[in-house]
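A quick write-up on the structure given underneath.
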Amino acid sequence: MNIASAAGAAGLTAKAVRYYESVGLLAAPRRDNGYRDYGPAEIARLKFLARARNLGFSVDECRALLSLWSDNRRSSADVRAMAQTRIREIEAKIAELESLKRSLGSLVAACHGDDRPDCPIIDDLAGCGHAH
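The opening position of the sequence shown corresponds to residue 1 in UniProt numbering, with each subsequent residue numbered one higher.
And the structure:
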């Protein structure tokens, strides 16, 4: 299978597949003509990477997860710990986004949204509590 077909089968772009190859997460054998030849094992690996990346795991975390995936003697506790760490990171990001939402909501509520030039949103972005 060529790169475009492999990417499509895994729900990725060819650019993403090339990236995974460039960072050492995937190695596809080459045909006699030099083109990559993706088989079922590479497609499974690409699907694994796509799902892991969609869950927000970093490239390095994906590398570790791939290592655990291929290790039949792995401890599920190791995999669980990685997922729990990811959950904590997501929770922190959600808290940060909620704080941003509250801050922006307060600014929107304070803005009259009329034809006047006074705007608390602009004032806040400019770092001042009053109009210039």
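Built from N, CA and C at the ideal position, the CB exists for glycine as well. As the structure is a computational prediction, the values presented were derived from the model and not from experiment.
Short Cβ contact (9 Å threshold) for residue i with residue j
i: A4; j: A14; result: yes
i: R88; j: F57; result: no
i: I65; j: M82; result: The sequence shown places Leu at residue 65, rather than the Ile named in the question. Against a cut-off of 9 Å, the Cβ pair of M82 and L65 comes out as a contact.
i: L97; j: R63; result: no
Minimum C-alpha distance to residue i - residue among the options
i: L68; options: G113, V59, V79; result: V79
i: V23; options: A9, V59, L46; result: V59
i: N54; options: N33, A77, A10; result: A10
i: N33; options: I122, N2, A27; result: N2
i: S103; options: A92, R31, I90, P120; result: P120
Spatial distance of residue i from residue j (CA atoms)
i: D118; j: A110; result: 11 Å
i: P29; j: E42; result: 9 Å
i: H132; j: D115; result: With a pLDDT of 47 at H132, under the threshold of 50, the predicted position of this residue should be treated as unreliable, though the coordinate-derived value follows. One C-alpha to the other measures close to 17 Å.
i: G105; j: Y20; result: 40 Å
i: G8; j: K101; result: 36 Å
i: I122; j: L46; result: 45 Å
i: Q84; j: I94; result: 15 Å
i: A27; j: A44; result: 13 Å
Residue i (DSSP reduced to helix, strand or coil)
i: R31; result: coil
i: residue 164; result: Shown here, the chain extends from 1 to 132; a query on residue 164 therefore has no answer.
i: D118; result: coil
i: C111; result: coil
i: A126; result: coil
i: V17; result: helix
i: M82; result: helix
i: R53; result: helix
i: S5; result: helix
i: L97; result: helix
i: residue 137; result: This structure does not reach residue 137, given that the chain is present from 1 up to 132, and the question cannot be answered.
- Does the pairing of the region 23-40 with the region 67-79 give three or more beta-carbon distances under 8 Å? no
- Cβ pair count under 8 Å reaching 3, the region 16-30 against the region 39-55: yes
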